[in-house]
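Undergrad:
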Amino acid sequence: MFSRAEETAAYILSQTKFRPETSIILGSGLGDLAEYITEKEFIEYEKIPHFPVSTVSGHAGRLVFGKLKGVAVMAMQGRFHFYEGYSMQEVAYPVFVMKLTGIKKLIVSNAAGGINREFSPGTLMIIEDHINLFGTNPLIGRNDDRFGKRFPDMTEAYKKYLINIAAKCASELGIDYKKGVYAGLTGPCYESAAEIRYLETIGADAVGMSTVPEVIAANYLGLDVLGISCITNMATGISVTAHDHASVVSTAGSVSEKFCSWVSEIVSVI
Ligand code: HPA
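Whatever position you read off the sequence shown (first residue = 1), add 18 for the working numbering.
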């Protein structure tokens, strides 16, 4: 995979004048951040050699390069999910490529269901840690030492110094936030009420269907990770109403302005 990722990285760098060290993966409903980026340059996923081919119609699948508060960034507008049928390696492939383009820090965002009873729809949660319940791992297979070690450490999967910076920026901007643990499951169905009781017991504050594969890869590759979840709904059994994707996206959209100014501020200080 190394030489494929090198080709992908070389293509991307040939398509932009920017050489960012920070990359942002935008979760469902949080794609508005691209509007805060100036001097934008776009690269459609379908034009990028070896990039996974999108299966979902209507998903904006593109890289956005430009500046956030004067700082060069790469943003992924649209990500790949395991439930779409991609392998874990394909889901994490853009992160391997990021590493080869010179990215040092990764900010991941997602829409998630709230398990912690102190949360409500619209809560923004700094991810302190995750629980991988995908039942698989993007690093399975022969290890390539050019990327990283066979047994990568996950002690600070989400870097404390970045959590502290995010907390400080939130206070300065008057943005309320919580901290918590994100449980990642395959989806695509929402969880059963019994599964949510189980997740609560094992220490999860939020649940979603993404992020974990990318964050495992990022740690393996030596990238510093910050994660932010937008709680779009309370999880099954805690909320009595049935979930639907449209309201997940619209709740994320309603906090998007706060999310965008927060992430812009974070990018400008890290
Ligand atoms: N469960 C899983 N993923 C989600 C949820 C949820 O309740 N809300 C948004 N993404």
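Glycine included, C-beta positions come from ideal geometry on N, C-alpha and C.
Which residue's Cα is closest to the Cα of Ser247: Ser282, Met143, Asn150?
TA: Within the sequence shown, the letter at position 229 stands for residue 247. The shortest C-alpha separation from Ser247 is found at Met143.
Undergrad: Give me the Cβ distance between Glu146 and Lys197, rounded to the nearest whole Å; I'm assuming they're in contact under 8 Å.
TA: In the sequence shown, counting from the first residue as 1, residue 146 sits at position 128. In the sequence shown, counting from the first residue as 1, residue 197 sits at position 179. Contact holds; Cβ gap of about 5 Å.
Undergrad: Can you tell me whether Lys186 is buried or exposed, with buried defined as 16 or more other CB within 10 angstroms of its CB?
TA: For this step, residue 186 is matched to residue 168 along the sequence shown. Classification of Lys186: exposed, given that the 10 Å Cβ count is below 16.
Undergrad: State the DSSP-derived secondary structure class of Asp242, mapped to helix, strand or coil.
TA: Your numbering for residue 242 matches position 224 in the sequence shown. Correct three-state label for Asp242: strand.
Undergrad: By the 10 Å Cβ neighbour count, where 16 or more other Cβ atoms means buried, how is Lys117 classified, buried or exposed?
TA: Reading the sequence shown from its first residue, position 99 is the one you call residue 117. Classification for Lys117: buried.
Undergrad: Examine the ligand HPA and report whether any of its heavy atoms sits within less than 8 Å of the Cβ of Leu48.
TA: Locating residue 48 in the sequence shown gives position 30, counting from the first residue. Leu48: no, Cβ never under 8 Å from the ligand HPA.
Undergrad: Could I get the ranges of all uninterrupted alpha helix (DSSP H) runs contained in the stretch 254–287, with 4 residues as the minimum, in chain order?
TA: The stretch 254–287 contains these whole alpha helix (DSSP H) runs: 263–272, 274–287.
Undergrad: Taking C-alpha atoms, which residue in Thr56, Tyr101, Phe98 lies nearest to Val82?
TA: Walking along the sequence shown from the start, residue 82 turns up at place 64. If we check each option's Cα against that of Val82, Thr56 comes out closest.
Undergrad: Within this structure, are the beta carbons of Gly202 and Met172 separated by less than 9 Å?
TA: Translated into positions along the sequence shown, residue 202 becomes position 184. Translated into positions along the sequence shown, residue 172 becomes position 154. No, the Cβ-Cβ distance between Gly202 and Met172 is not below 9 Å.
Undergrad: Please identify the residue among Lys35, Ser41, Ala28 whose C-alpha is closest to the C-alpha of Ser286.
TA: As a working note, residue 286 is residue 268 in the sequence shown. The residue with the shortest Cα to Cα distance from Ser286 is Ser41.
Undergrad: Within this structure, are the beta carbons of Val113 and Ala235 separated by less than 9 Å?
TA: As a working note, residue 113 is residue 95 in the sequence shown. As a working note, residue 235 is residue 217 in the sequence shown. It is a contact, given that the beta carbons lie within the stated cut-off.
Undergrad: How far does the beta strand (DSSP E) with Gln95 in it extend, from its first residue to its last?
TA: Counted from its first residue, the sequence shown places residue 95 at position 77. Here the beta strand (DSSP E) through Gln95 covers 89–95.
Undergrad: If you follow the alpha helix (DSSP H) that Ser127 is part of, which residue opens it and which one closes it?
TA: Residue mapping note: residue 127 aligns to position 109 of the sequence shown, counting from 1. Segment 123–132 is the beta strand (DSSP E) holding Ser127; no alpha helix (DSSP H) there.
Undergrad: Is the beta carbon of Ala110 less than 9 Å from the beta carbon of Glu283?
TA: The residue labelled residue 110 in the question sits at position 92 within the sequence shown. The residue labelled residue 283 in the question sits at position 265 within the sequence shown. It is not a contact, given that the beta carbons lie outside the stated cut-off.
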